[in-house]
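> One structure, as structure tokens, below. Some questions next.
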Amino acid sequence: MSAAQMAIRPILTIPDPLLRKKAKSIERVDAELRRLIDDMLTTMYDAPGIGLAAPQIGISRRLIVMDPAKDEAPRTPVIMVNPEILERSDELRVHEEGCLSIPDFTAEIERPAKTRVSYIDREGKPLEVELTGIWSTLVQHEIDHLNGVLFIDYLSRLKRDMVVRKYTKQKRAEAL
Ligand code: NI
1 MSAAQMAIRP ILTIPDPLLR KKAKSIERVD AELRRLIDDM LTTMYDAPGI
51 GLAAPQIGIS RRLIVMDPAK DEAPRTPVIM VNPEILERSD ELRVHEEGCL
101 SIPDFTAEIE RPAKTRVSYI DREGKPLEVE LTGIWSTLVQ HEIDHLNGVL
151 FIDYLSRLKR DMVVRKYTKQ KRAEAL
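Under the working numbering, the sequence shown has 49 at position 49, and the numbering climbs by one with no breaks.
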């Protein structure tokens, strides 16, 4: 597929209610889904970001794309259809997280250091992987999006409300 056929989709930002919806499972991996995957990758790399979930572009389906590699590294994204966390370690890991739906805000979030995940790949093949480090954080962050959960939900209520208020005000100002 040529680059011209792939589209950058607009990314929803908070407080868009679509970001809070539980996404539906995907029934089949077909050409249409692969086109959506390509658009998500184009959108993620353009942003730039290291992960993107379908609900962030307004598609309420269980699909995520990830690539935490630095710019210089070759692009080897991981695509997960209907990902599910099977196991989480007791051991935790802190990582500074950000989100394309909450631009210019980061916070240190503690999550399980290891996760075991099942998913279907781009070819429709079911797989299982154990993820550690940045991958463990990333997959949990993206799967949260499929359940309407954002990383600011792990902050204190006070801090989260402050963030949401700031973006709500900003959007209102932009709309004027
Ligand atoms: Ni995010």
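All C-beta atoms, glycine included, are put in the ideal place defined by N, C-alpha and C. Only a predicted model underlies this, so the values are computations on that prediction, with no experimental measurement involved.
(1) Say whether the region 67-78 touches the region 105-115, bearing in mind that this needs 3 or more beta-carbon pairs closer than 8 Å, one atom from each stretch.
(2) From the DSSP output, in three-state form, read off P17 for me.
(3) DSSP beta-bridge partners for R88?
(4) For T216 and V163, I'd like the C-alpha separation in whole angstroms.
(5) How close, in whole Å, do the beta carbons of T137 and K114 come, if the pair is a contact with beta carbons under 8 Å?
(6) Which complete alpha helix (DSSP H) runs does the region 106-174 hold, if anything under 4 residues is left out?
(7) Counting only the same chain and skipping the five closest in sequence on each side, list residues whose C-beta sits under 7 Å from that of G49.
(8) Spatial neighbours of K21 within its chain, please: CB distance less than 7 Å, with the 5 preceding and 5 following residues excluded, ordered by chain position.
(9) Since A39 and R9 are thought to touch, with beta carbons under 8 Å apart, how far apart are those beta carbons, to the nearest angstrom?
(10) Please say whether I57 and H95 have beta carbons closer to each other than 8 Å?
(11) For the alpha helix (DSSP H) holding I37, just list the boundary residues, first then last.
(12) Considering A53, what are the terminal residues of the beta strand (DSSP E) in which it resides?
(13) Straight-line CA distance for H186 to L52?
Based on what the coordinates show:
(1) no
(2) helix
(3) T115
(4) Because the chain spans 1 through 176 in this model, residue 216 falls outside it and cannot be assessed.
(5) The pair is not a contact, with the Cβ atoms about 11 Å apart (cut-off 8 Å).
(6) 133-146
(7) L100
(8) P55, S60 and G148
(9) In the sequence as displayed, the identity of residue 39 is Asp instead of Ala. Sure, about 5 Å apart at Cβ, within 8 Å.
(10) Contact: no.
(11) A31 to D46
(12) G51 to A53
(13) The structure shown does not extend to residue 186, since the chain is modelled only from 1 to 176, so the question has no answer here.
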